[in-house]
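**Student:** Note that UniProt numbering gives residue 75 to position 75 of the sequence shown, counting from 1, and the numbers run on in steps of one. Virtual Cβ for every residue (Gly too), placed ideally from N, Cα, C. Keep in mind that this is a model prediction, so the values were computed, not measured.
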Amino acid sequence: MSIDLPPLRALIAEHGLGADKSFGQHFLLDLNLTAKIASLAGDLSGKTVIEIGPGPGGLTRALLAAGPEKMIAVEMDRRFIPALEVTGEAFPAPLDIVEGDALTVDDAALAGPGAVIASNLPYNVGTALLIKWLRAEPVWWDTAVLMFQREVADRVVARPGEKAYGRLAVITAARATALLALKVPARAFTPPPKVESAVVVLHPLPVDRRFTDITALETITESAFGQRRKMLRSSLKTAAAKAGTSAEALLSEAGIEPTARAETIAPEGFMELARAWRAARG
């Protein structure tokens with residue numbers, strides 16, 4: 001890192017940058033913490049890293065310091081671009097700054113295959129971005145280090161029987177492994193949010209284990225968890241009707257007891273239900 005790179009707080013003050021609540025922004029200024037988050041991505045040499053919503057560039061600095069081959073920062077708020085340009089000039093790896101909405105930008109084309117996603121995700125779009133990356137086919141990323149609100153992180157990694165277990169855990173498990181790697185208190189952010197956060201590390205499953213029909217899986221899980229206190233023979237009626245069949249027929253095909261409830265079924269069970277739903281729909 002160049003000795004000319006000003007402290008992060010000084011850079012924020014110089015450019016008059018503040019967090020915008022409408023974008024769900026909360027800044028990470030603790031360089032020890034950002035270094036720890038960057039380290040969760042593993043060895044970045046020879047890798048392309050893409051960061052979503054870098055803001056003033058706290059995590060950006062840590063990622064660039066880890067020595068990737070290239071880094072891409074996708075930022076919707078143009079106020080931060082001058083500060084990010086200053087940061088990029090201080091490191092050997094090139095930093096490409098893309099002004100745009102991460103929900104619509106073609107990140108696969110930007111980063112290329114085998115990329116690393118690392119981000120303190122804006123709270124208001126974190127789940128939608130995760131689903132976007134999980135749905136990607138072919139999968140273009142090989143590691144994702146993502147910070148969410150703690151409640152969302154718990155939902156990503158939850159297992160059957162746990163309170164947080166639901167649609168997000170099932171869809172994640174169908175496409176990737178997920179580990180809650182680091183808990184981050186609210187006081188670590190500026191301004192501090194009202195909730196804690198946590199970092200989840202994801203790796204795509206091998207091709208032969210990766211479930212591909214996410215549309216069917218979303219239909220099944222939306223129906224099943226939309227009425228999670230009901231038995232599946234009741235809660236799956238809506239999804240079954242869309243396929244022109246009955247909930248009982250889907251459950252029989254998947255080998256699941258009709259009296260079971262959604263929170264007790266492993267992700268593999270929902271994948272079998274999705275296959276049965278797709279086959280019934282034709």
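With C-beta atoms as the reference, is Gly53 less than 8 Å away from Ala102?
**Tutor:** Cβ atoms of Gly53 and Ala102: closer than 8 Å.
**Student:** How is the beta strand (DSSP E) around Pro82 delimited, first residue to last?
**Tutor:** Counting along the chain, Pro82 falls outside any beta strand (DSSP E), though it belongs to the alpha helix (DSSP H) covering 81 to 88.
**Student:** Work out the CA separation of Val200 and Asp106 for me, nearest whole Å.
**Tutor:** Answer to the nearest angstrom: the Cα atoms are 23 Å apart.
**Student:** Using 8 Å as the Cβ pair cut-off and three pairs as the minimum, do the stretch 249 to 265 and the stretch 212 to 229 touch?
**Tutor:** At 8 Å Cβ cutoff, the stretches touch.
**Student:** Which of the three DSSP states, helix, strand or coil, is assigned to Met271?
**Tutor:** Met271: helix per DSSP, three-state reduction.
**Student:** Please name the residue, chosen from Val125, Asp208, Thr143, that lies closest to Thr104 on a Cα-to-Cα basis.
**Tutor:** Ranking Val125, Asp208, Thr143 by Cα distance to Thr104 puts Val125 first.
**Student:** Just the C-alpha distance for Phe270 and Val156, rounded to the nearest angstrom, thanks.
**Tutor:** Phe270 and Val156: Cα-Cα distance of roughly 16 Å.
**Student:** Ignore the nearest five residues each way along the sequence and tell me which others in Arg278's own chain have a CB closer than 7 Å to its CB.
**Tutor:** Around Arg278: Asp213, Ala216.
**Student:** So Ala115 and Thr48 are in contact, right, with Cβ under 8 Å, and what is the actual spacing, rounded?
**Tutor:** With a Cβ gap of about 5 Å, Ala115 and Thr48 count as contacting.
**Student:** Please list, in chain order, all residues of the same chain as Gly46 whose beta carbon is under 6 Å from its beta carbon, the five residues on each side excluded.
**Tutor:** So the list reads Glu69, once near-sequence residues are dropped.
**Student:** Nearest-angstrom Cα distance between Gln149 and Leu129?
**Tutor:** Answer to the nearest angstrom: the Cα atoms are 14 Å apart.
**Student:** DSSP state of Met1, grouped into three classes?
**Tutor:** No answer about Met1 holds up, because its pLDDT of 44 lies below 50 and its placement is not dependable.
**Student:** In terms of residues, what are the limits of the beta strand (DSSP E) holding Glu151?
**Tutor:** Element bounds for Glu151: not the beta strand (DSSP E) but the alpha helix (DSSP H), 150 to 157.
**Student:** Do Ile256 and Ala239 have their beta-carbon atoms positioned less than 8 Å apart in this structure?
**Tutor:** Result no, Cβ atoms of Ala239 and Ile256 do not sit closer than 8 Å.
**Student:** Just to confirm the assignment, what range does the alpha helix (DSSP H) spanning Ser235 have?
**Tutor:** Here the alpha helix (DSSP H) through Ser235 covers 232 to 235.
**Student:** Check this for me: beta carbons of Leu182 and Ala158, under 8 Å apart or not?
**Tutor:** Taking 8 Å as the Cβ cut-off, Leu182 and Ala158 do not qualify as a contacting pair.
**Student:** What first and last residue would you give for the beta strand (DSSP E) that runs through Leu179?
**Tutor:** Unbroken beta strand (DSSP E) run through Leu179: 176 to 184.
**Student:** CB-CB under 6 Å to Ala280, same chain, minus the five flanking residues each way: which ones, in chain order?
**Tutor:** Here the set comprises Ala243, Thr245.
**Student:** Report the partner residues of Arg261 according to the DSSP bridge assignment.
**Tutor:** Looking at the DSSP assignment, Arg261 forms a beta bridge with Met231.
**Student:** Select from Ala108, His203, Tyr123 the residue whose C-alpha is nearest the C-alpha of Thr177.
**Tutor:** Taking only the C-alpha atoms, the option nearest Thr177 is His203.
**Student:** Hey, Pro113 and Trp140 are a contact pair by Cβ (cut 8 Å); roughly how many whole angstroms apart?
**Tutor:** Right, their Cβ atoms sit about 5 Å apart.
**Student:** Tell whether a beta-carbon distance below 8 Å holds between Leu110 and Ile50.
**Tutor:** Going by C-beta atoms, Leu110 is nearer than 8 Å to Ile50.
**Student:** State the DSSP-derived secondary structure class of Ser39, mapped to helix, strand or coil.
**Tutor:** Ser39 falls in the helix class under three-state DSSP.
**Student:** Would you call Thr259 buried or exposed, if buried means 16 or more other Cβ atoms sit within 10 Å of its Cβ?
**Tutor:** Thr259 is exposed by the Cβ-count criterion.
**Student:** Just checking my contact of residue 289 with Leu11 at CB under 8 Å: how many whole Å lie between their CB atoms?
**Tutor:** There is simply no residue 289 to check, as the chain begins at 1 and stops at 282 in what is shown.
**Student:** Tell me whether Ser223 sits in a helix, a strand or coil according to DSSP, three-state version.
**Tutor:** Here Ser223 sits in helix by DSSP.
**Student:** How many Å lie between Ile171 and Arg9 at the Cα?
**Tutor:** Approximately 39 Å, taken between the alpha carbons.
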